[in-house]
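Under this note's numbering, the residues of the sequence shown are numbered 23 to 310, in order. Ideal Cβ positions, reconstructed from N, Cα and C, are used throughout, including at glycine. Just so you know, these numbers come straight off a predicted model, no measurement behind them. Each remark here refers to the structure printed beneath this line.
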Amino acid sequence: HLRYNLSTLDWPADDLGQIQDLDNSTEDITLIPFLDIDSPISPTLSNEYGIASHLAQGSNPDGQYQLLVPLQPVLDRGDVHAFSARLAFTSDEAEAGIALRNGRIVWMVEGVLDQYVTSCQAGDADCTCAEGDDTSCVLAQNSLLTQYPEEYLRLTGLQFSESMDVTTGVFGTGANLPQVSSDPNQDDEDKVMMSLMSAGLAGSFLGFQHPDLDEIAANFGNPAAQPPFTPTWGINPAVMHVVTGTYAHRDEAMATTTQTTTVAFLDQNYVDCTVNTTNQLTPTLALA
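Written as structure tokens, this is what we have:
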């Protein structure tokens, strides 16, 4: 069962049953595993972790919540050995006590349901029409068909972690330097970024976390810096852009930095390849 969610299943061609396949697609049924577990609270961060939370059905005098937590395969050399689930609680929720019980695995069966429509709405990627015929089209919509409980569950590991005030930094040369220079005496992005990561961040920050990111950012932001630029590991601060941010949790820091901060950093400091096709086509950024 561990490999069920790694592939989609084909529903045979059918235009009469409750589940119809009208477009000959081979990706019609998907099995999605969840950890179904009871909790005395509905976690504030449920949406951020893809957790569905609702009051438990039936007799529920204690106001228990039923949580559906997405399960991810634990892989080793391509083999699936287990599933992992991730739940997050605020400090107040953790202080009040976390009492989870009745854990079980359930498989949600998601299907693509086809139906004939007279036409497709503009921009609807789930709707297709036969070539040359825009009056008989097929609309494919995802729908939850049913769910099946897994008979057994064995807990093989449990890990707790706590984080706060997590600081991240993004480093890049922007348009200050060419990406690659044929002149061995001229700095370029490749040389400077390699020096930053090998001689700078790896040895000083990653090894001992001294100086910290705030001090590193201040060093690179020093307008009065002079050669040999010792505080910035021999790199002229004028060629480096640095952005730092502090977050309440490590997961928030990673998600925001990789999905939002880097996009804004690239937009502000690098030349769009559609504007200048000869410079900064593949920027190199360092994240710490």
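What does the alpha-carbon distance come out to for the pair Ala-224 and Val-160?
Distance between Ala-224 and Val-160, taken at the CA atoms: about 55 Å.
Which term fits Asp-43, buried or exposed, when burial requires 16 or more other beta carbons within 10 angstroms of its beta carbon?
buried
Exposed or buried, which one is Ala-35 when buried takes at least 16 other CB atoms within 10 Å?
exposed
So Leu-93 packs on Leu-57, CB below 8 Å; how close in whole Å?
That belief holds up - the Cβ atoms of Leu-93 and Leu-57 are roughly 6 Å apart, short of 8 Å.
Let me know if Ala-147 comes out buried or exposed under the rule of 16 or more other beta-carbons within 10 Å of its beta-carbon.
exposed
Thr-140: beta carbon under 7 Å from a heavy atom of the ligand MN?
Ligands are entirely absent from the displayed structure, and the ligand MN is therefore not among its contents.
Could you say if the region 243-250 and the region 205-222 meet the contact criterion of at least three C-beta pairs nearer than 8 Å?
no
Selection from Ile-54, Tyr-71, Asn-46 and Gln-86 that minimises the alpha carbon distance to Ser-61
Gln-86
What's the gap between the Cα of Ile-257 and the Cα of Ser-226?
14 Å
If you compare alpha carbons, which of Asn-164, Arg-272 and Arg-25 is closest to Glu-184?
Of the candidates Asn-164, Arg-272 and Arg-25, the one whose C-alpha sits nearest the C-alpha of Glu-184 is Arg-272.
Could you name the residues of the same chain whose beta carbon sits closer than 7 Å to that of Thr-178, not counting the 5 residues immediately before and after it, in chain order?
Ala-104
Please report how far the alpha carbon of Pro-55 lies from the alpha carbon of Met-130, in whole angstroms.
6 Å
Applying the criterion that 16 or more other CB atoms from any shown protein chain within 10 Å of the CB defines a buried residue, is Asn-241 buried or exposed?
buried
Over the uninterrupted alpha helix (DSSP H) stretch that includes Glu-132, give me the two end residues.
Premise fails: Glu-132 lies in the beta strand (DSSP E), 123-139, not in any alpha helix (DSSP H).
Cβ-Cβ distance between Glu-115 and Thr-66 below 8 Å
yes
Do Ile-73 and Leu-122 have their C-beta atoms within less than 8 Å of each other?
In this structure, Leu-122 does not lie closer than 8 Å to Ile-73 by Cβ.
Measuring straight from C-alpha to C-alpha, what distance separates Ile-120 and Leu-77?
Between the C-alpha atoms of Ile-120 and Leu-77 there is a straight-line separation of about 16 Å.
Distance, Leu-135 Cα to Ile-41 Cα
6 Å
Classify His-263 as buried or exposed, calling it buried when 16 or more other Cβ atoms lie within 10 Å of its own Cβ.
So His-263 ends up on the buried side.
Is it buried or exposed for Gly-80, if we count other Cβ within 10 angstroms and need 16 for buried?
exposed
Could you please give the first and the last residue of the uninterrupted alpha helix (DSSP H) stretch that includes Phe-287?
284-291
Cutoff 8 Å; reference Cys-142; Cβ partners in own chain excluding five residues on either side
Cys-149, Thr-150, Cys-151, Asp-156, Cys-159 and Leu-161
Which residues bound the alpha helix (DSSP H) around Val-214?
211-217
In chain order, what residues of the same chain have a beta carbon less than 8 Å from the beta carbon of Trp-255, not counting five sequence neighbours either side?
Ser-217, Leu-218, Ala-221, Gly-222 and Ser-226
Go through the region 222-267 residue by residue and report every complete run of the alpha helix (DSSP H) that reaches 4 residues or more, in order.
235-242
Beta bridge counterpart(s) of Tyr-269 as assigned by DSSP
Val-188
Applying the 10 Å Cβ sphere with the 16-neighbour rule, what's the burial state of Pro-305?
Pro-305 is classed as buried because its beta carbon has at least 16 other beta carbons within 10 Å across all chains shown.
Contact set for Leu-24: own chain, Cβ-Cβ below 8 Å, skip 5 residues either direction:
Once the five neighbours on either side are set aside, the close Cβ partners of Leu-24 are Pro-95, Val-102, His-103, Ala-104 and Phe-105.
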